[in-house]
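>
Numbering (this note's numbering), first residue to last: 1184 to 1293.
#1: Please report the Cβ distance between residue 1284 and residue 1245, rounded to the nearest whole angstrom; I am assuming they are in contact, meaning their Cβ atoms lie under 8 Å.
#2: Within 10 angstroms of its Cβ, does residue 1213 collect 16 or more other Cβ (buried), or is it exposed?
#3: If you run the structure through DSSP and keep just helix, strand and coil, what is residue 1230?
#4: Quick one: residues in its chain with C-beta nearer than 7 Å to the C-beta of residue 1274, no 5 flanking neighbours on either side, listed in chain order?
#5: When we look at the beta-carbon of residue 1216 and count the other beta-carbons within 10 Å, is it buried (16 or more) or exposed?
#6: Express the C-alpha separation of residue 1255 and residue 1288 in angstroms, rounding to a whole number.
#7: Give me the Cα-Cα distance between residue 1253 and residue 1225, rounded to the nearest whole angstrom.
#8: How many angstroms separate the CA atom of residue 1262 from the CA atom of residue 1231?
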């Protein structure tokens, strides 16, 4: 994963907190690590934001942003399982930053 961070097109993914999160993920599954990295990067690019901005959201703002992400991918006709992957990646990042999304989020699983 260190190579992905070094050569990443997502410049804001190089912050120290994100590196710590990636290293923590690497202790588990390398496949999950790469997938979450890719998904977070895609969200940053799509929504013109950064992982640092994600980490500063309060619980309510994180829930609302998550709804925006789900709506965006539903409008693009993404599969429900694909959307679920984005939700998991965001929730793991927020959990690492002590942000808890408690709101029940409904989504289609196609």
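Just so you know, even glycine gets a beta-carbon here, dropped at the ideal spot from N, CA and C.
Looking at the atomic coordinates:
#1: Working through the chain shown from its first residue, we reach residue 1284 at position 101. Working through the chain shown from its first residue, we reach residue 1245 at position 62. Contact check for residue 1284 and residue 1245: beta-carbon distance about 5 Å, within the 8 Å limit, so the pair qualifies.
#2: The sequence position of residue 1213 within the chain shown is 30, counting from 1. Residue burial annotation: residue 1213 is exposed, with fewer than 16 other C-beta atoms found within 10 angstroms of its C-beta.
#3: Here residue 1230 refers to the residue found at position 47 of the chain shown. When secondary structure is reduced to three states using DSSP, residue 1230 falls in the coil class, being assigned neither helix nor strand.
#4: Counting from 1 along the chain shown, the entry for residue 1274 is found at position 91. 1284.
#5: Translated into positions along the chain shown, residue 1216 becomes position 33. Looking at its Cβ environment, which holds 16 or more other Cβ atoms inside 10 Å, residue 1216 is buried.
#6: Mapped onto the chain shown, residue 1288 falls at position 105. Mapped onto the chain shown, residue 1255 falls at position 72. So the two alpha carbons sit approximately 14 Å from each other.
#7: Within the chain shown, numbered from 1, the residue matching residue 1253 stands at position 70. Within the chain shown, numbered from 1, the residue matching residue 1225 stands at position 42. Each residue's alpha carbon lies about 13 Å from the other.
#8: Here residue 1262 is taken as the residue at index 79 of the chain shown, counted from 1. Here residue 1231 is taken as the residue at index 48 of the chain shown, counted from 1. Going from the Cα of residue 1262 to the Cα of residue 1231 covers about 22 Å.
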